[in-house]
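Novice: Numbering (this note's numbering), first residue to last: 22 to 517. Please read through the structure below; I'll follow up with questions.
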């Protein structure tokens with residue numbers, strides 16, 4: 022169920038782990054309206070960024086996104102059918118079918134099928150001119166044999182034959198990590214080929230996540246796609262980031278920059294109670310241009326993921342030494358993908374001092390005296406895309422002011438922002454610039470640091486400098502599930 026809050030005070034208090042979207046004064050937690058809308062084709066819509074769907078009339082499409090898992094074959098048929106109907110008055114000269122290179126086959130960053138492919142007894146024409154233009158790029162390689170295992174291509178050929186009969190198909194695989202400049206050049210090469218080219222991106226989206234979380238990732242992906250937010254593409258939860266970059270560049274060059282969402286689902290939703298396995302989500306939609314006078318909004322959704330304490334000493338440190346920094350998050354690492362910010366409380370200093378808490382019993386004071394390994398800490402934070410940490414807690418001064426100073430130096434050196442310095446009022450807050458918005462984060466630390474009244478003054482001073490304020494407190498008693506009256510009073514004080 023979707024829970025929404027109108028934030029008239031322009032601030033939100035973070036109590037624990039939560040996930041949210043912010044868009045012009047609104048945060049959406051949990052499941053939102055996105056996905057499985059069952060909107061009739063005649064009322065197909067563009068997605069804006071405040072959970073509102075806008076009816077519009079559009080011109081023919083130049084590109085579209087489809088899954089390649091045949092679990093979603095109804096979604097595949099739906100998007101192929103809809104684009105075919107929109108383009109029926111325009112002669113399509115060729116299809117460029119783009120897939121991730123799932124098995125990392127071949128020498129080039131871009132692999133091109135140099136001749137016709139056959140699938141299930143069907144043969145498919147190809148376009149020699151397009152192959153020539155693409156293969157002339159120094160990052161492209163012709164290797165038809167590489168495609169015989171690629172399900173991202175194979176699973177879609179029969180759909181191309183059915184909905185675009187007789188249209189030549191040029192098959193391309195793109196390796197993960199291919200530089201953006203190559204994708205820009207590829208888009209220019211394809212857009213300059215004479216005639217009408219339809220580009221199809223074969224891509225699934227979020228993987229291995231519970232369906233409600235995957236929908237949030239998909240919602241973020243559609244937001245980034247619809248805005249042509251190129252830097253944010255590389256943080257999305259999708260299996261063909263490089264292909265998506267190419268698709269957007271091509272659509273932009275063709276002046277078809279309106280993304281029309283068609284559907285969103287997942288393998289767990291499709292199978293329902295019979296689902297067994299790891300969930301994969303699917304997003305379909307196409308690029309076109311709206312007719313003049315069509316309404317469109319230009320809000321930008323921001324997504325944040327907040328966690329509580331991260332403690333990287335004691336047995337956690339030992340386990341990371343043995344099994345690597347990915348040990349604790351290997352089954353949920355994709356949860357961190359697709360966010361503008363991942364925020365945690367760093368429950369201790371990062372120093373070059375050896376651990377004094379490893380192996381100590383609970384009754385020894387050093388059991389609670391933490392120091393985190395610089396290498397482990399940085400690798401853990403970066404591997405999980407954590408780009409903002411609070412250091413306002415009761416352990417950050419375990420190695421006194423020198424430990425605090427070293428922590429801040431290590432974080433800054435590795436481009437990880439922080440706030441909540443208990444000794445410096447000017448470092449109690451930080452303002453993050455996200456997609457043109459200024460988002461302020463303020464720490465309140467009950468154990469070490471400044472008074473509630475001083476925090477209130479910081480909040481007041483930030484109102485004129487930011488679009489939104491987040492208060493991130495470190496307070497209360499551990500393992501208590503209900504806040505105290507004191508916490509409630511302070512919360513109102515900060516928000517009001």
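Glycine residues also receive a C-beta, built at the ideal position from the N, C-alpha and C atoms. This structure is a prediction, so every number in the text was calculated from the model and none was measured.
Go ahead and label residue 237 buried or exposed: buried means 16 or more other beta carbons lie within 10 angstroms of its beta carbon, across all protein chains shown.
Specialist: In the chain shown, the residue the question calls residue 237 occupies position 216. Buried is the call here.
Novice: Let me see if you follow: with CB-CB separation under 7 Å, is residue 405 close to chain C or not?
Specialist: Looking for chain C here will not work: only one protein chain is present.
Novice: Who are the near neighbours of residue 63 in its chain, counting only those whose CB is closer than 6 Å to its CB and skipping five residues on each side?
Specialist: Translated into positions along the chain shown, residue 63 becomes position 42. The predicted position of residue 63 is uncertain, since its pLDDT is 41 and thus under 50; no value can be drawn from it.
Novice: Tell me which same chain residues have a C-beta within less than 6 Å of the C-beta of residue 148, skipping the five on either side of it?
Specialist: On the chain shown, residue 148 is found 127 positions in, with the first residue counted as 1. Answer for residue 148: 115, 189, 191, listed in chain order.
Novice: Pick from 212, 219, 282: whose alpha carbon is nearest that of residue 244?
Specialist: Mapped onto the chain shown, residue 244 falls at position 223. Of 212, 219, 282, the residue nearest in Cα terms is 282.
Novice: Rounded C-beta distance between residue 222 and residue 268? I'm assuming under 8 Å.
Specialist: Within the chain shown, the letter at position 201 stands for residue 222. Within the chain shown, the letter at position 247 stands for residue 268. About 5 Å separates the two Cβ atoms, so the contact holds.
Novice: Rounded C-beta distance between residue 411 and residue 464? I'm assuming under 8 Å.
Specialist: Sequence index remark: in the chain shown, residue 411 carries index 390 (1-based). Sequence index remark: in the chain shown, residue 464 carries index 443 (1-based). With 8 Å as the limit, residue 411 and residue 464 qualify as a contact, their Cβ atoms being about 5 Å apart.
Novice: Should residue 507 go down as buried or exposed, given a rule of 16 or more other Cβ atoms within 10 Å for buried?
Specialist: By one-based count along the chain shown, residue 507 stands at place 486. Label assigned to residue 507: exposed.
Novice: Answer with buried or exposed for residue 383, where buried requires no fewer than 16 other C-beta atoms within 10 angstroms of its C-beta.
Specialist: By one-based count along the chain shown, residue 383 stands at place 362. With fewer than 16 other Cβ atoms within 10 Å, it is exposed.
Novice: Can you list, in chain order, the residues of its chain whose CB lies under 7 Å from that of residue 254, leaving out five sequence neighbours each side?
Specialist: Your numbering for residue 254 matches position 233 in the chain shown. Same-chain partners within the cutoff: 245, 262, 265, 266.
Novice: Hey, could you find the ends of the beta strand (DSSP E) residue 83 is sitting in?
Specialist: Here residue 83 refers to the residue found at position 62 of the chain shown. Unbroken run through residue 83: none, as it is neither H nor E.
Novice: Should residue 472 be labelled buried (16 or more other beta-carbon atoms within 10 Å of its own) or exposed?
Specialist: By 1-based counting over the chain shown, the position of residue 472 is 451. Under a 10 Å Cβ-count criterion, residue 472 is classified as exposed, with fewer than 16 other Cβ atoms of the shown protein chains found around its own Cβ.
Novice: Can you tell which of 128, 210, 496, 159 has its C-alpha closest to the C-alpha of residue 151?
Specialist: In the chain shown, the residue the question calls residue 151 occupies position 130. Among 128, 210, 496, 159, the Cα nearest to that of residue 151 belongs to 210.
Novice: Are three or more beta carbon pairs between the region 340–356 and the region 367–377 nearer than 8 Å?
Specialist: no
Novice: Can you tell me whether DSSP reads residue 493 as helix, strand or coil?
Specialist: Here residue 493 is taken as the residue at index 472 of the chain shown, counted from 1. Three-state DSSP puts residue 493 in a strand.
Novice: Checking 7 Å against the spacing of the C-beta atoms, do residue 133 and residue 195 come in under that value?
Specialist: Within the chain shown, residue 133 is the residue found at index 112, counting from 1. Within the chain shown, residue 195 is the residue found at index 174, counting from 1. In this structure, residue 133 keeps its C-beta atom at 7 Å or more from the C-beta atom of residue 195.
Novice: Identify, in the order they occur along the chain, each residue of the same chain with its Cβ nearer than 8 Å to the Cβ of residue 422, setting aside the five sequence neighbours on each side.
Specialist: Position 401 of the chain shown, counted from the first residue, corresponds to residue 422. Around residue 422: 444.
Novice: Kindly list the residues whose CB is nearer than 6 Å to the CB of residue 307, restricted to its own chain and excluding five residues on each side of it in sequence; keep chain order.
Specialist: Numbered from 1 along the chain shown, position 286 holds the residue referred to as residue 307. Closer than 6 Å at Cβ, skipping near neighbours: 82, 85, 104, 281.
Novice: Going along the chain, which unbroken runs of the beta strand (DSSP E) with 3 or more residues stay wholly within the region 124–198?
Specialist: If we require 3 residues or more, the beta strand (DSSP E) runs fully inside the region 124–198 come out as 131–133, 161–163, 190–195.
Novice: Output the distance between the C-alpha atoms of residue 370 and residue 88, rounded to the nearest integer angstrom.
Specialist: Against the chain shown, residue 370 aligns to sequence position 349. Against the chain shown, residue 88 aligns to sequence position 67. About 45 Å.
Novice: Taking the alpha carbon of residue 292 as the reference point, which residue from 494, 95, 496, 498 has its own alpha carbon closest?
Specialist: For the purposes of this step, residue 292 is taken as the residue at position 271 of the chain shown. Looking from the CA of residue 292, the closest CA among 494, 95, 496, 498 belongs to 95.
Novice: At which residues does the alpha helix (DSSP H) containing residue 424 begin and terminate?
Specialist: Taking the first residue of the chain shown as 1, we reach residue 424 at position 403. Unbroken alpha helix (DSSP H) run through residue 424: 421–434.
Novice: May I have the straight-line CA-CA distance separating residue 154 from residue 92, to the nearest angstrom?
Specialist: Here residue 154 refers to the residue found at position 133 of the chain shown. Here residue 92 refers to the residue found at position 71 of the chain shown. So the alpha carbons of these two residues sit roughly 34 Å apart.
Novice: Taking the DSSP output, what are the residues bridged to residue 218?
Specialist: In the chain shown, counting from the first residue as 1, residue 218 sits at position 197. Partner(s): 115.
Novice: Unbroken beta strand (DSSP E) runs of length 3 or more, entirely within the region 319–403: which are they?
Specialist: Segments of the beta strand (DSSP E) lying fully in the region 319–403: 323–331, 362–367.
Novice: Consult DSSP for residue 483 and reduce its assignment to one of helix, strand or coil.
Specialist: Working through the chain shown from its first residue, we reach residue 483 at position 462. In this structure, residue 483 counts as helix in the three-state DSSP scheme.
Novice: Considering only residues of the same chain and omitting the five flanking positions on each side of residue 212, which have a CB-CB separation below 7 Å?
Specialist: By 1-based counting over the chain shown, the position of residue 212 is 191. Here the set comprises 271, 274, 275.
Novice: Taking Cβ to Cβ, would you say residue 440 is nearer than 7 Å to residue 420?
Specialist: Counted from its first residue, the chain shown places residue 440 at position 419. Counted from its first residue, the chain shown places residue 420 at position 399. No, these two residues do not count as a Cβ contact at 7 Å.
Novice: For residue 458, which residues of its own chain have a beta-carbon under 6 Å away from its beta-carbon, when the five flanking residues on both sides are left out?
Specialist: For the purposes of this step, residue 458 is taken as the residue at position 437 of the chain shown. Closer than 6 Å at the Cβ level, and outside the excluded window around residue 458, lie 488.
Novice: How many Å lie between residue 402 and residue 106 at the Cα?
Specialist: The residue labelled residue 402 in the question sits at position 381 within the chain shown. The residue labelled residue 106 in the question sits at position 85 within the chain shown. Their Cα atoms are separated by approximately 47 Å.
Novice: Write down the C-beta distance between residue 193 and residue 119 rounded to the nearest angstrom, noting that I regard them as a contact closer than 8 Å.
Specialist: In the chain shown, counting from the first residue as 1, residue 193 sits at position 172. In the chain shown, counting from the first residue as 1, residue 119 sits at position 98. Confirmed, about 5 Å.
Novice: Return the chain-ordered list of same chain residues with a C-beta closer than 7 Å to the C-beta of residue 127, the five sequence neighbours on each side being excluded.
Specialist: On the chain shown, position 106 is the one that residue 127 refers to. The residues are 162, 164, 167.
Novice: By the DSSP assignment, the alpha helix (DSSP H) with residue 202 in it spans what residues?
Specialist: For the purposes of this step, residue 202 is identified with residue 181 of the chain shown, where counting begins at 1. Counting along the chain, the alpha helix (DSSP H) containing residue 202 begins and ends at 201–212.
Novice: Can the beta-carbon of residue 304 be found less than 7 Å from the beta-carbon of residue 226?
Specialist: Taking the chain shown and counting its residues from 1, the one referred to as residue 304 is at position 283. Taking the chain shown and counting its residues from 1, the one referred to as residue 226 is at position 205. Taking C-beta atoms as the reference points, residue 304 and residue 226 count as a pair closer than 7 Å.
Novice: Return yes when the C-beta of residue 464 is under 6 Å from any heavy atom of the ligand NAD, and no when it is not.
Specialist: Ligands displayed in this structure: none; no statement on the ligand NAD is therefore possible.
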